[in-house]
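Shown next, in structure tokens, is the structure this report addresses.
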Amino acid sequence: MLEARLEQSSVLKKVVDAIKDLVQDCNFDCNDSGIQLQAMDNSHVALVAMHLKTEGFALYRCDRNIALGINLVSLQKVLRAAQNEDVMTLKAEDSPDALSLVFENSENDRISEYDLKLMDIDQEHLGIPETEYGATVKMPSAEFQRICRDLSLLSESVAIEATKEGIKFSCTGDIGKGAVTLRQNPNVEKPELGTTIELQEPVALTFSLKYLVNFCKASGLSNTVTISLSNEVPLLIEYEMEHGYVRFYLAPKIGD
Amino acid sequence: TSTQARLNDFFKPV
Chain F
501 MLEARLEQSS VLKKVVDAIK DLVQDCNFDC NDSGIQLQAM DNSHVALVAM
551 HLKTEGFALY RCDRNIALGI NLVSLQKVLR AAQNEDVMTL KAEDSPDALS
601 LVFENSENDR ISEYDLKLMD IDQEHLGIPE TEYGATVKMP SAEFQRICRD
651 LSLLSESVAI EATKEGIKFS CTGDIGKGAV TLRQNPNVEK PELGTTIELQ
701 EPVALTFSLK YLVNFCKASG LSNTVTISLS NEVPLLIEYE MEHGYVRFYL
751 APKIGD
Chain Z
26 TSTQARLNDF FKPV
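For the record, the sequence lines run as chains F and Z.
All residue numbers for the first sequence refer to this note's numbering, where the first residue is 501 and numbers rise by one.
All residue numbers for the second sequence refer to this note's numbering, where the first residue is 26 and numbers rise by one.
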């Protein structure tokens with residue numbers, strides 16, 4: 501059986517908020533490393549991989565691997581009933597047909613109990629190879645969100661070029677073109693406001709801005725975002741949490 | 026014009 505307690509319901513609420521517009525039905529795989537999820541959007545262009553590690557739970561017990569088939573819209577309806585500061589306890593039997601969610605407020609004078617029906621989701625699981633990326637860029641998540649939003653008003657694609665000078669986002673559309681260049685600037689006082697680039701080799705790839713804007717819904721999970729690029733491979737965008745992460749992979753647009 | 030690749034071109038099912 502599974503019994504997992506989060507001190508703050510906001511952890512799960514924010515994760516579901518971040519991915520619910522990209523994927524609808526997914527398996528939350530519970531095992532001794534914590535709760536993991538991997539799902540692709542309908543067009544198989546983007547993939548989200550999430551991991552809430554065991555250390556992030558006030559209490560975590562999972563006797564055997566359990567796959568919780570969940571519709572994220574339904575889960576979000578139940579999570580709306582949890583206040584951010586409520587303690588949340590998830591419980592499920594082995595091969596469960598429902599997930600029990602209990603929310604307790606900090607004054608300990610309100611306890612809410614919900615059961616969410618589970619689904620049988622037969623989803624192909626993709627093997628994501630360990631990759632040495634040509635360029636790894638760390639920047640403020642708000643900065644990346646602003647760039648994607650601004651450029652998505654001009655075009656549906658963005659060319660991303662990483663060189664030793666910096667990272668350049670450029671696009672061309674019907675009304676004109678635009679480009680944003682961020683130079684390496686490891687802000688020493690406030691590192692989370694800096695932009696750092698590790699470059700193994702220069703890279704240049706084109707991606708759909710619609711997906712990048714969607715991924716940026718996860719900006720609330722972390723002040724910084726790490727963007728990993730290599731020529732001819734999917735882009736990796738990672739939002740690190742204290743005890744876990746949400747990662748997005750996006751296939752590039754090929755040929756010009 | 027560029028064409029949108031799919032992840033199945035890069036990641037194999039396990």
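C-beta atoms are modelled at their ideal positions from N, C-alpha and C, and glycine is treated no differently.
Residue 649 of chain F classed as buried or exposed, judged by whether at least 16 other C-beta atoms fall within 10 angstroms: By 1-based counting over the first sequence, the position of residue 649 of chain F is 149. For residue 649 of chain F, the number of other beta carbons within 10 angstroms of its own is below 16, and it is reported as exposed.
Classify residue 611 of chain F: buried if its beta carbon has 16 or more other beta carbons within 10 angstroms, exposed otherwise. Residue numbering aside, residue 611 of chain F sits at position 111 when the first sequence is read from its first letter. Classification of residue 611 of chain F: exposed, given that the 10 Å Cβ count is below 16.
Here's a check: name, in chain order, each residue in its chain whose Cβ is nearer than 7 angstroms to the Cβ of residue 507 of chain F, leaving out the five neighbours to either side. Start at 1 with the first residue of the first sequence, and residue 507 of chain F comes out as number 7. For residue 507 of chain F, where only same-chain residues beyond five positions count, the Cβ hits under 7 angstroms are 558, 587.
What number of angstroms, rounded off, separates the C-alpha of residue 655 of chain F from the C-alpha of residue 674 of chain F? In the first sequence, the residue the question calls residue 655 of chain F occupies position 155. In the first sequence, the residue the question calls residue 674 of chain F occupies position 174. Spanning the two alpha carbons is a distance of roughly 8 angstroms.
Nearest candidate by alpha-carbon position, reference residue 698 of chain F, set F:726, F:710, F:718: Within the first sequence, residue 698 of chain F is the residue found at index 198, counting from 1. Answer by Cα proximity: F:726.
Closest Cα partner of residue 606 of chain F within the set F:615, F:616, F:596, F:585: On the first sequence, position 106 is the one that residue 606 of chain F refers to. Relative to the Cα of residue 606 of chain F, the nearest Cα in the group F:615, F:616, F:596, F:585 belongs to F:585.
Are the segment 639-646 of chain F and the segment 615-630 of chain F in contact at 8 angstroms, needing three or more beta carbon pairs? no
By the 7 angstroms beta-carbon criterion, what residues does the segment 614-640 of chain F contribute toward chain Z? 624, 625, 626, 627, 628
So, are the CB atoms of residue 529 of chain F and residue 714 of chain F less than 8 angstroms apart? Working through the first sequence from its first residue, we reach residue 529 of chain F at position 29. Working through the first sequence from its first residue, we reach residue 714 of chain F at position 214. Cβ atoms of residue 529 of chain F and residue 714 of chain F: not closer than 8 angstroms.
Limits of the alpha helix (DSSP H) - the one that residue 649 of chain F falls within: Numbered from its first residue, the first sequence carries residue 649 of chain F at position 149. Looking at the DSSP string, the run of the alpha helix (DSSP H) that includes residue 649 of chain F is 641-652.
Check whether the Cβ atoms of residue 538 of chain F and residue 549 of chain F lie closer than 8 angstroms to each other. As a working mapping, residue 538 of chain F is identified with position 38 in the first sequence. As a working mapping, residue 549 of chain F is identified with position 49 in the first sequence. Their beta carbons are under 8 angstroms apart, which means residue 538 of chain F touches residue 549 of chain F by this criterion.
Could you tell me whether the Cβ of residue 539 of chain F comes closer than 8 angstroms to any Cβ of chain Z? Here residue 539 of chain F refers to the residue found at position 39 when the first sequence is read from its first residue. Residue 539 of chain F does not count as touching chain Z.
Assess contact between the segment 703-711 of chain F and the segment 509-519 of chain F, defined as three or more Cβ pairs (one per stretch) separated by less than 8 angstroms. Is contact present? no
Just how far apart, CA to CA, sit residue 639 of chain F and residue 688 of chain F? The residue given as residue 639 of chain F occupies position 139 in the first sequence. The residue given as residue 688 of chain F occupies position 188 in the first sequence. Their Cα atoms are separated by approximately 13 angstroms.
Can you round the beta-carbon distance between residue 617 of chain F and residue 598 of chain F to whole angstroms, since I take them to be within the 8 angstroms contact cut? Translated into the one-based positions of the first sequence, residue 617 of chain F becomes position 117. Translated into the one-based positions of the first sequence, residue 598 of chain F becomes position 98. Right, the Cβ-Cβ distance comes to about 6 angstroms (below 8 angstroms), so this counts as a contact.
The beta strand (DSSP E) with residue 525 of chain F in it runs from where to where? Here residue 525 of chain F refers to the residue found at position 25 when the first sequence is read from its first residue. That run of the beta strand (DSSP E) goes 525-531.
Buried or exposed for residue 662 of chain F, please, with buried defined as at least 16 other CB atoms from any protein chain shown within 10 angstroms of its CB. Locating residue 662 of chain F in the first sequence gives position 162, counting from the first residue. Burial call: buried.
Do residue 615 of chain F and residue 600 of chain F have their C-beta atoms within less than 8 angstroms of each other? By 1-based counting over the first sequence, the position of residue 615 of chain F is 115. By 1-based counting over the first sequence, the position of residue 600 of chain F is 100. Yes, the Cβ-Cβ distance between residue 615 of chain F and residue 600 of chain F is below 8 angstroms.
Name the chain Z residues that come within less than 7 angstroms of residue 733 of chain F, Cβ to Cβ? As a first step, residue 733 of chain F is located in the first sequence; it is residue number 233 there, counting from the start. Simply 35.
Using 8 angstroms as the limit for Cβ to Cβ distance, is residue 681 of chain F near chain Z? Walking along the first sequence from the start, residue 681 of chain F turns up at place 181. It does not; no Cβ of chain Z falls within 8 angstroms.
Within the continuous alpha helix (DSSP H) that includes residue 511 of chain F, where are the two ends? Numbered from its first residue, the first sequence carries residue 511 of chain F at position 11. Looking at the DSSP string, the run of the alpha helix (DSSP H) that includes residue 511 of chain F is 510-519.
Thinking just about the alpha-carbon of each residue, which of F:604, F:754, F:589, F:633 is nearest to the one in residue 831 of chain F? Since the first residue of chain F shown is 501 and the last is 756, residue 831 of chain F is not available in this structure.
Indicate whether at least one CB of chain Z lies closer than 8 angstroms to the CB of residue 749 of chain F. Along the first sequence, one-based indexing puts residue 749 of chain F at 249. With 8 angstroms as the cut-off, residue 749 of chain F counts as an interface residue toward chain Z.
Taking all protein chains shown into account, do 16 or more other C-beta atoms lie within 10 angstroms of the C-beta of residue 691 of chain F, making it buried, or fewer, making it exposed? If you number the first sequence from 1, residue 691 of chain F lands on position 191. Counting the other CB atoms within 10 Å of its CB gives residue 691 of chain F a total below 16, which places it among the exposed residues.
Residue 590 of chain F: first and last residue of the uninterrupted alpha helix (DSSP H) it sits in: By one-based count along the first sequence, residue 590 of chain F stands at place 90. Per DSSP, residue 590 of chain F belongs to no alpha helix (DSSP H); it is in the beta strand (DSSP E), 587-592.
Count the other CB atoms within 10 Å of the CB of residue 540 of chain F; is the residue buried (16 or more) or exposed (fewer)? To locate residue 540 of chain F, count along the first sequence from 1; it is residue 40. It counts as buried.
For residue 444 of chain F, which three-state DSSP category applies? Outside the displayed span of chain F (501 to 756) sits residue 444 of chain F, for which this structure offers no information.
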